[in-house]
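Written out below as structure tokens is the structure these notes cover.
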Amino acid sequence: MATIPPLPSRDDVLRMARSTTDITGQLLDTAGNITRIAINTFDPRDGSGPEVLRVLRQTTAELAEASASPQAQEAFYRIVETLTRLGSSGAPLASHPVSEPAQALLAALGDSLLPVLDAVEPAVEEFAAAFGELVEATSPLLPATAGVAAGALLALTPLLRSAAEVLREQSPELRRIADALTAALAPLMPLQVALAERAAAAGANVVRVTLPPLADLTEAAAATTKAARPVLIAGEELLVAGLERLQPVLLAGASRAGRVAREAAVRVSAAVSPAAEQGVVVAVTPG
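Counted from 1, the sequence shown has number 695 at position 92 by the working numbering; the numbering is strictly sequential.
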């Protein structure tokens with residue numbers, strides 16, 4: 604028996620009413636702005652309206668004159684001819700016999716995937732939220748990564764151009780290679796199909812024989828995991844407690860390493876730039 608959904612609370616009703624009012628106000632403001640723009644554009648008092656109409660008339664006349672030229676008519680004819688060819692060549696694909704099993708396969712996949720998608724939807728939403736937080740946290744690194752990627756693409760561009768030029772020059776040899784491969788592989792295709800059918804039959808038999816023991820093994824493993832759950836939970840608690848105890852040591856070590864790195868950077872900068880001002884004193888304060 605289907606459950607009756609709960610009625611919205613007073614806060615929900617107020618929130619929906621406030622949202623509806625805000626959206627209505629924004630729509631009215633937008634309509635008012637559009638009306639004001641139209642009035643200001645075609646207002647005859649400041650001369651803007653006649654000017655806009657004159658520009659529209661001139662533009663329309665120029666477009667009509669340009670479309671009446673033989674070049675434009677030829678271009679339109681070619682566009683229509685291309686669209687007609689695409690439609691006539693794509694129409695047989697829908698009525699081809701191969702399309703019927705393909706459509707049945709797509710329908711079966713859709714029907715079987717819907718429950719899976721419904722089941723994984725919460726996990727996908729949580730993963731997307733966590734991934735968004737990770738991207739937001741690593742956003743300072745994105746410009747540097749983009750710069751490195753751009754540099755790598757610029758470095759690869761000459762290689763790609765030279766490779767394209769070489770392949771373009773060697774197109775007869777590539778055609779010979781393709782013809783040789785086709786002549787060598789064409790006689791093997793019937794044999795491959797027969798072997799694939801035999802392999803499929805053997806694989807199906809193996810799966811039929813293997814699935815019952817695998818199901819028994821899975822049930823036994825599930826029972827063992829259920830029995831060992833307290834031990835696993837205790838081990839996880841010990842591991843987390845150890846990490847919590849190591850956290851201050853790791854933080855102190857990282858802070859100390861940062862101070863050493865800053866001191867080394869200051870010394871290296873002073874050694875590399877001896878011509879700097881002699882009166883400047885650099886002091887390193889511990890972080």
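Glycine included, every Cβ here is placed at the ideal spot set by N, Cα and C. Computed from a predicted structure; not experimentally measured.
(message) Measuring only the C-alpha atoms, how far is threonine 627 from methionine 619?
(response) 12 Å
(request) Identify every run of the alpha helix (DSSP H) within the region 772-843, keeping only runs that are complete inside it and at least 4 residues long; order them along the chain. (result) 774-788 and 791-830
(request) Express the C-alpha separation of serine 742 and threonine 828 in angstroms, rounding to a whole number. (result) 41 Å
(request) Go ahead and pull the three-state DSSP assignment for valine 884. (result) Only weak support is given to the placement of valine 884: the predicted model assigns it a pLDDT of 49, under 50, and the question is left unresolved by the model.
(message) Just verifying my parser: in three-state terms, what is the DSSP assignment at threonine 741?
(response) coil
(request) Can you tell me which of the three DSSP states alanine 675 falls into? (result) helix
(message) By the three-class DSSP mapping on this structure, what secondary structure does serine 876 have?
(response) coil
(message) Please report whether the beta-carbon of proline 725 lies at a distance below 7 Å from any beta-carbon of chain D.
(response) Although the question refers to chain D, the structure presented lacks it and comprises just one protein chain.
(request) May I have the straight-line CA-CA distance separating methionine 604 from proline 718, to the nearest angstrom? (result) Since pLDDT at methionine 604 reaches only 46, below the 50 mark, its modelled position is unreliable, and the value read off the structure follows with that caveat. C-alpha separation (whole angstroms): 21 Å.
(request) Run the proximity test for valine 719: is its beta-carbon closer than 6 Å to any non-hydrogen atom belonging to the ligand SAM? (result) In the structure shown, the ligand SAM is absent, as is every other ligand, since no ligand is present at all.
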